[in-house]
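Inspection log for the structure reproduced underneath, given as C-alpha coordinates.
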Amino acid sequence: MRSCVIGGGGFIGRYLSEALVASGRDVLVLGRKPEVAFSDKRIQYKAVDAADMTVLRPLLATCDEVIDLAYATVPKTSYSDPMFDLQSNLPRVVALMEELQHHSHLRRFMVVSSGGTVYGHANRLPISEYAETEPVSPYGITKLTIERYALMYHRLHDLPLVVVRPANAYGHGQLPFMGQGFIATAMGNVLAGKNVSVFGERGTVRDYVHAKDVASGMLAALEHGTNGAVYNIGSGVGRSNLDIIDLIRPLAQKAKLSVVVSHEEERKFDVAANVLNFGRLLSCSGWLPKISMEVGLQEMWQGLSRPQT
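In the working numbering, the protein residues as written are 6 to 314.
See below:
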(Lines of atoms letter the chains of each structure in order from A and count residues from 1; the text may use other names and numbers.)
(Lines give C-alpha, C1' and ligand atoms only; values in the text may rest on other atoms or scores of the structure.)
Protein backbone atom coordinates (compact mmCIF):
# COMPACT_ATOMS: atom_id res chain seq x y z
CA MET A 1 0.00 0.00 0.00
CA ARG A 2 1.41 3.37 -1.01
CA SER A 3 -0.16 6.55 0.29
CA CYS A 4 0.31 10.02 -1.18
CA VAL A 5 -0.21 12.95 1.20
CA ILE A 6 -0.60 16.20 -0.71
CA GLY A 7 0.31 19.11 1.55
CA GLY A 8 1.80 16.66 4.02
CA GLY A 9 4.73 18.83 5.08
CA GLY A 10 2.60 20.90 7.45
CA PHE A 11 1.51 20.48 11.05
CA ILE A 12 -1.18 17.79 10.65
CA GLY A 13 0.55 16.25 7.64
CA ARG A 14 3.58 15.29 9.70
CA TYR A 15 1.45 13.45 12.25
CA LEU A 16 -0.56 11.76 9.51
CA SER A 17 2.52 10.68 7.58
CA GLU A 18 3.99 9.08 10.70
CA ALA A 19 0.70 7.27 11.41
CA LEU A 20 0.57 5.96 7.84
CA VAL A 21 4.15 4.65 8.01
CA ALA A 22 3.46 3.03 11.37
CA SER A 23 0.53 1.19 9.76
CA GLY A 24 2.89 -0.43 7.25
CA ARG A 25 2.33 1.86 4.29
CA ASP A 26 4.89 3.44 2.00
CA VAL A 27 4.36 7.20 2.17
CA LEU A 28 5.00 9.87 -0.44
CA VAL A 29 4.58 13.44 0.79
CA LEU A 30 4.12 16.26 -1.70
CA GLY A 31 4.48 19.88 -0.64
CA ARG A 32 5.48 23.40 -1.60
CA LYS A 33 8.55 23.73 0.64
CA PRO A 34 11.86 23.00 -1.10
CA GLU A 35 12.80 20.50 1.59
CA VAL A 36 11.08 18.93 4.60
CA ALA A 37 12.87 16.60 6.99
CA PHE A 38 10.92 13.74 8.55
CA SER A 39 12.24 11.80 11.53
CA ASP A 40 11.19 8.55 9.84
CA LYS A 41 13.36 7.98 6.76
CA ARG A 42 10.69 5.75 5.21
CA ILE A 43 8.72 8.90 4.38
CA GLN A 44 9.69 10.23 0.96
CA TYR A 45 9.25 13.96 0.37
CA LYS A 46 9.03 15.68 -3.00
CA ALA A 47 8.63 19.41 -3.61
CA VAL A 48 5.96 20.06 -6.22
CA ASP A 49 3.36 22.56 -7.27
CA ALA A 50 0.14 20.79 -6.31
CA ALA A 51 -1.66 22.61 -9.12
CA ASP A 52 0.69 21.29 -11.82
CA MET A 53 -1.01 18.13 -13.02
CA THR A 54 1.73 17.28 -15.50
CA VAL A 55 4.08 16.82 -12.55
CA LEU A 56 1.49 15.21 -10.28
CA ARG A 57 0.11 12.70 -12.79
CA PRO A 58 3.03 10.20 -12.81
CA LEU A 59 3.40 10.47 -9.03
CA LEU A 60 -0.29 9.82 -8.40
CA ALA A 61 -0.15 6.81 -10.71
CA THR A 62 2.17 5.06 -8.23
CA CYS A 63 -0.18 5.48 -5.25
CA ASP A 64 -3.08 3.42 -3.89
CA GLU A 65 -4.37 6.17 -1.58
CA VAL A 66 -4.40 9.95 -1.95
CA ILE A 67 -5.02 12.25 1.01
CA ASP A 68 -5.42 15.93 0.18
CA LEU A 69 -4.30 18.23 3.01
CA ALA A 70 -3.14 21.13 0.85
CA TYR A 71 -4.88 24.45 1.45
CA ALA A 72 -3.59 27.93 0.67
CA THR A 73 -5.51 29.96 3.27
CA VAL A 74 -6.71 29.93 6.89
CA PRO A 75 -10.13 30.95 8.24
CA LYS A 76 -8.99 34.35 9.49
CA THR A 77 -7.34 35.45 6.24
CA SER A 78 -10.21 34.21 4.07
CA TYR A 79 -12.33 37.21 5.08
CA SER A 80 -9.81 39.73 3.76
CA ASP A 81 -9.76 38.18 0.27
CA PRO A 82 -12.64 35.76 -0.39
CA MET A 83 -11.81 35.59 -4.09
CA PHE A 84 -8.28 34.42 -3.36
CA ASP A 85 -9.61 31.80 -0.94
CA LEU A 86 -11.84 30.41 -3.67
CA GLN A 87 -9.47 30.64 -6.64
CA SER A 88 -6.38 29.33 -4.84
CA ASN A 89 -8.12 26.23 -3.52
CA LEU A 90 -11.17 25.05 -5.46
CA PRO A 91 -9.78 24.77 -9.03
CA ARG A 92 -6.76 22.75 -7.87
CA VAL A 93 -8.86 20.19 -6.01
CA VAL A 94 -11.38 19.82 -8.84
CA ALA A 95 -8.51 19.24 -11.27
CA LEU A 96 -7.14 16.60 -8.87
CA MET A 97 -10.48 14.77 -8.77
CA GLU A 98 -10.79 15.02 -12.54
CA GLU A 99 -7.46 13.21 -12.77
CA LEU A 100 -8.12 10.62 -10.07
CA GLN A 101 -11.40 9.46 -11.59
CA HIS A 102 -9.29 7.76 -14.29
CA HIS A 103 -7.10 5.85 -11.79
CA SER A 104 -8.83 2.48 -11.67
CA HIS A 105 -6.37 1.13 -9.09
CA LEU A 106 -7.11 3.91 -6.58
CA ARG A 107 -8.29 2.41 -3.30
CA ARG A 108 -9.19 5.62 -1.48
CA PHE A 109 -9.26 9.38 -1.93
CA MET A 110 -9.60 11.43 1.24
CA VAL A 111 -10.78 15.04 1.30
CA VAL A 112 -9.80 16.77 4.53
CA SER A 113 -12.50 19.32 5.22
CA SER A 114 -13.10 21.37 8.38
CA GLY A 115 -15.44 20.43 11.19
CA GLY A 116 -14.74 23.78 12.78
CA THR A 117 -16.09 25.86 9.90
CA VAL A 118 -18.51 23.98 7.62
CA TYR A 119 -21.35 23.77 10.16
CA GLY A 120 -21.60 27.45 11.11
CA HIS A 121 -23.90 28.39 14.01
CA ALA A 122 -25.14 25.12 15.49
CA ASN A 123 -28.57 24.65 17.04
CA ARG A 124 -27.43 21.63 19.04
CA LEU A 125 -24.13 20.42 20.50
CA PRO A 126 -22.26 18.22 19.88
CA ILE A 127 -22.70 18.48 16.12
CA SER A 128 -23.23 15.31 14.09
CA GLU A 129 -22.62 14.83 10.38
CA TYR A 130 -26.39 15.01 9.90
CA ALA A 131 -26.52 18.64 11.06
CA GLU A 132 -27.12 21.41 8.56
CA THR A 133 -24.03 22.92 6.99
CA GLU A 134 -24.28 26.71 7.03
CA PRO A 135 -20.71 28.05 6.98
CA VAL A 136 -20.28 31.74 7.71
CA SER A 137 -16.69 32.23 6.48
CA PRO A 138 -15.27 32.13 2.94
CA TYR A 139 -12.93 29.38 4.19
CA GLY A 140 -15.83 27.23 5.37
CA ILE A 141 -17.85 27.86 2.21
CA THR A 142 -14.94 26.80 0.01
CA LYS A 143 -14.29 23.71 2.14
CA LEU A 144 -17.93 22.69 1.86
CA THR A 145 -17.92 23.34 -1.89
CA ILE A 146 -14.92 21.02 -2.25
CA GLU A 147 -16.85 18.36 -0.32
CA ARG A 148 -19.82 18.73 -2.67
CA TYR A 149 -17.63 18.40 -5.76
CA ALA A 150 -15.97 15.33 -4.27
CA LEU A 151 -19.34 13.71 -3.55
CA MET A 152 -20.40 14.46 -7.12
CA TYR A 153 -17.30 12.67 -8.46
CA HIS A 154 -18.06 9.77 -6.14
CA ARG A 155 -21.63 9.45 -7.40
CA LEU A 156 -20.95 10.02 -11.09
CA HIS A 157 -17.54 8.38 -11.48
CA ASP A 158 -17.26 6.00 -8.50
CA LEU A 159 -14.38 7.96 -7.01
CA PRO A 160 -13.57 5.99 -3.79
CA LEU A 161 -14.06 9.01 -1.55
CA VAL A 162 -14.14 9.58 2.18
CA VAL A 163 -14.47 13.05 3.73
CA VAL A 164 -13.18 13.89 7.19
CA ARG A 165 -14.07 16.97 9.18
CA PRO A 166 -11.49 17.47 11.95
CA ALA A 167 -12.15 19.77 14.89
CA ASN A 168 -9.53 22.26 16.13
CA ALA A 169 -6.21 20.43 16.06
CA TYR A 170 -3.43 21.33 18.48
CA GLY A 171 -0.18 19.76 19.59
CA HIS A 172 3.59 19.90 19.60
CA GLY A 173 4.85 21.44 16.36
CA GLN A 174 1.97 23.88 15.89
CA LEU A 175 3.32 27.39 15.41
CA PRO A 176 1.83 30.50 17.03
CA PHE A 177 0.67 33.65 15.22
CA MET A 178 -0.30 31.82 12.02
CA GLY A 179 -3.92 33.02 11.89
CA GLN A 180 -5.31 29.81 13.39
CA GLY A 181 -4.66 27.74 16.50
CA PHE A 182 -5.73 29.63 19.63
CA ILE A 183 -3.69 27.44 21.96
CA ALA A 184 -0.39 27.95 20.15
CA THR A 185 -0.93 31.70 19.86
CA ALA A 186 -1.97 32.02 23.50
CA MET A 187 1.18 30.17 24.58
CA GLY A 188 3.29 32.25 22.22
CA ASN A 189 1.93 35.48 23.71
CA VAL A 190 2.54 34.31 27.29
CA LEU A 191 6.11 33.31 26.46
CA ALA A 192 6.66 36.70 24.79
CA GLY A 193 5.23 38.59 27.76
CA LYS A 194 2.21 39.80 25.78
CA ASN A 195 -1.49 39.83 26.58
CA VAL A 196 -3.74 37.01 25.40
CA SER A 197 -6.73 38.42 23.54
CA VAL A 198 -10.16 36.95 24.26
CA PHE A 199 -13.13 38.17 22.27
CA GLY A 200 -16.16 38.38 24.53
CA GLU A 201 -16.57 37.37 28.16
CA ARG A 202 -15.16 33.83 27.82
CA GLY A 203 -14.28 33.74 24.13
CA THR A 204 -15.48 31.07 21.75
CA VAL A 205 -16.07 27.42 22.66
CA ARG A 206 -14.15 24.94 20.54
CA ASP A 207 -13.49 21.22 20.33
CA TYR A 208 -9.72 20.82 20.72
CA VAL A 209 -8.32 17.47 19.61
CA HIS A 210 -4.65 16.53 19.57
CA ALA A 211 -3.06 16.28 16.11
CA LYS A 212 -1.97 12.71 16.84
CA ASP A 213 -5.62 11.82 17.45
CA VAL A 214 -6.62 13.66 14.27
CA ALA A 215 -4.09 11.55 12.37
CA SER A 216 -5.31 8.29 13.90
CA GLY A 217 -8.88 9.33 13.07
CA MET A 218 -7.93 9.91 9.45
CA LEU A 219 -6.24 6.50 9.35
CA ALA A 220 -9.38 4.91 10.84
CA ALA A 221 -11.53 6.54 8.14
CA LEU A 222 -9.13 5.36 5.43
CA GLU A 223 -9.21 1.78 6.64
CA HIS A 224 -12.79 1.39 7.85
CA GLY A 225 -14.81 4.21 6.32
CA THR A 226 -17.53 3.76 3.72
CA ASN A 227 -17.08 5.32 0.30
CA GLY A 228 -19.13 8.49 0.00
CA ALA A 229 -19.36 9.00 3.78
CA VAL A 230 -18.39 12.00 5.91
CA TYR A 231 -16.74 11.58 9.32
CA ASN A 232 -16.24 14.08 12.14
CA ILE A 233 -12.98 13.84 14.07
CA GLY A 234 -13.21 15.51 17.45
CA SER A 235 -13.20 15.00 21.20
CA GLY A 236 -16.84 15.76 21.90
CA VAL A 237 -15.73 18.22 24.60
CA GLY A 238 -16.11 21.98 24.31
CA ARG A 239 -13.70 24.38 25.98
CA SER A 240 -13.85 28.17 25.94
CA ASN A 241 -10.81 30.38 25.43
CA LEU A 242 -10.77 31.08 29.17
CA ASP A 243 -10.92 27.35 29.92
CA ILE A 244 -7.78 26.90 27.82
CA ILE A 245 -6.06 29.83 29.53
CA ASP A 246 -6.85 28.28 32.92
CA LEU A 247 -5.06 25.12 31.77
CA ILE A 248 -2.06 27.10 30.47
CA ARG A 249 -1.72 29.20 33.64
CA PRO A 250 -0.08 26.49 35.82
CA LEU A 251 2.50 25.86 33.09
CA ALA A 252 3.27 29.58 32.93
CA GLN A 253 3.44 29.96 36.72
CA LYS A 254 5.92 27.09 36.92
CA ALA A 255 8.07 29.04 34.45
CA LYS A 256 7.54 32.23 36.52
CA LEU A 257 5.54 33.86 33.74
CA SER A 258 2.32 35.84 34.02
CA VAL A 259 -0.85 35.23 32.03
CA VAL A 260 -2.63 38.49 31.27
CA VAL A 261 -5.96 38.35 29.45
CA SER A 262 -7.18 41.24 27.33
CA HIS A 263 -10.93 41.15 26.73
CA GLU A 264 -12.01 42.53 23.37
CA GLU A 265 -15.42 43.01 21.78
CA GLU A 266 -17.03 39.93 20.29
CA ARG A 267 -16.38 39.55 16.57
CA LYS A 268 -19.37 39.21 14.28
CA PHE A 269 -17.78 36.44 12.22
CA ASP A 270 -17.01 34.15 15.19
CA VAL A 271 -19.21 31.09 15.69
CA ALA A 272 -19.98 31.00 19.42
CA ALA A 273 -19.56 27.24 19.90
CA ASN A 274 -18.39 24.29 17.84
CA VAL A 275 -18.17 20.80 19.36
CA LEU A 276 -18.22 17.64 17.24
CA ASN A 277 -20.01 14.33 17.69
CA PHE A 278 -17.65 11.59 16.41
CA GLY A 279 -20.08 8.70 16.85
CA ARG A 280 -20.07 7.73 13.18
CA LEU A 281 -16.31 7.17 13.14
CA LEU A 282 -16.51 5.36 16.48
CA SER A 283 -19.20 3.03 15.12
CA CYS A 284 -17.34 2.02 11.98
CA SER A 285 -13.83 1.75 13.41
CA GLY A 286 -13.80 1.92 17.20
CA TRP A 287 -11.77 5.14 17.05
CA LEU A 288 -11.50 7.25 20.19
CA PRO A 289 -9.28 10.24 21.03
CA LYS A 290 -6.57 9.11 23.43
CA ILE A 291 -4.37 12.09 24.33
CA SER A 292 -5.58 14.14 27.28
CA MET A 293 -5.59 17.91 27.08
CA GLU A 294 -3.22 18.13 30.05
CA VAL A 295 -0.61 15.87 28.41
CA GLY A 296 -0.99 17.58 25.04
CA LEU A 297 -0.60 21.07 26.50
CA GLN A 298 2.45 20.04 28.52
CA GLU A 299 4.22 18.72 25.40
CA MET A 300 3.22 21.78 23.42
CA TRP A 301 4.42 24.19 26.11
CA GLN A 302 7.78 22.44 26.37
CA GLY A 303 8.22 22.58 22.61
CA LEU A 304 7.40 26.27 22.32
CA SER A 305 9.43 27.32 25.37
CA ARG A 306 12.54 25.41 24.30
CA PRO A 307 15.22 27.81 22.96
CA GLN A 308 15.35 27.75 19.17
CA THR A 309 18.69 26.74 17.67
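All C-beta atoms, glycine included, are put in the ideal place defined by N, C-alpha and C.
So the beta strand (DSSP E) residue 174 belongs to, where does it begin and stop? Taking the sequence shown and counting its residues from 1, the one referred to as residue 174 is at position 169. Start and end: 173-175.
Assign residue 135 to buried or exposed, taking buried as 16 or more other Cβ atoms, counted over all protein chains shown, within 10 Å of its Cβ. Translated into the one-based positions of the sequence shown, residue 135 becomes position 130. The residue in question, residue 135, is exposed, as its Cβ has fewer than 16 Cβ neighbours within 10 Å.
Among 9, 285, 241, which one has its Cα closest to the Cα of residue 131? Against the sequence shown, residue 131 aligns to sequence position 126. Here the closest residue by C-alpha is 241.
For residue 171, is the classification buried or exposed, using 16 other Cβ atoms within 10 angstroms of its Cβ as the cut-off for buried? The residue labelled residue 171 in the question sits at position 166 within the sequence shown. The residue in question, residue 171, is buried, as its Cβ has 16 or more Cβ neighbours within 10 Å.
Alpha-carbon to alpha-carbon, residue 108 and residue 64: Within the sequence shown, numbered from 1, the residue matching residue 64 stands at position 59. Within the sequence shown, numbered from 1, the residue matching residue 108 stands at position 103. Roughly 12 Å between the two C-alpha positions.
Given that a residue counts as buried once 16 or more other Cβ atoms are within 10 Å of its Cβ, and exposed if not, what is residue 54? By one-based count along the sequence shown, residue 54 stands at place 49. Exposed: under 16 other Cβ atoms inside 10 Å.
Can you tell me whether residue 38 is buried or exposed, with buried defined as 16 or more other CB within 10 angstroms of its CB? Along the sequence shown, read from residue 1 onward, the residue named residue 38 stands at position 33. Per the 10 Å Cβ criterion, exposed.
Please go through the same chain and pick out, in chain order, the residues whose beta-carbon is closer than 6 Å to the beta-carbon of residue 126, but skip the five residues on each side of it. For the purposes of this step, residue 126 is identified with residue 121 of the sequence shown, where counting begins at 1. Answer for residue 126: 276, listed in chain order.
Under 7 Å, do residue 189 and residue 243 count as touching if we go by C-beta distance? Here the question's residue 189 lines up with position 184 in the sequence shown. Here the question's residue 243 lines up with position 238 in the sequence shown. No.
Quick one: what does DSSP say residue 208 is sitting in, helix, strand or coil? For the purposes of this step, residue 208 is taken as residue 203 along the sequence shown, with counting starting at 1. Residue state, collapsed to three classes: coil.
State yes or no: is the C-beta of residue 4 within less than 7 Å of the C-beta of residue 121? This structure gives no information on residue 4, because the portion of the chain shown stretches from 6 to 314.
In chain order, what residues of the same chain have a beta carbon less than 8 Å from the beta carbon of residue 239, not counting five sequence neighbours either side? Here residue 239 refers to the residue found at position 234 of the sequence shown. Within the same chain, residue 239 has close Cβ partners 120, 131, 171, 172, 212, 214, 280, 281, 282, 283, 294.
Could you give the C-beta distance for residue 116 and residue 155, rounded to a whole number, given that I count them as a contact under 8 Å? Counting from one through the sequence shown, the residue named residue 116 turns up at place 111. Counting from one through the sequence shown, the residue named residue 155 turns up at place 150. About 5 Å separates the two Cβ atoms, so the contact holds.
With contact counted as at least three CB pairs below 8 Å, one residue from each stretch, are the region 142-154 and the region 214-226 in contact? no
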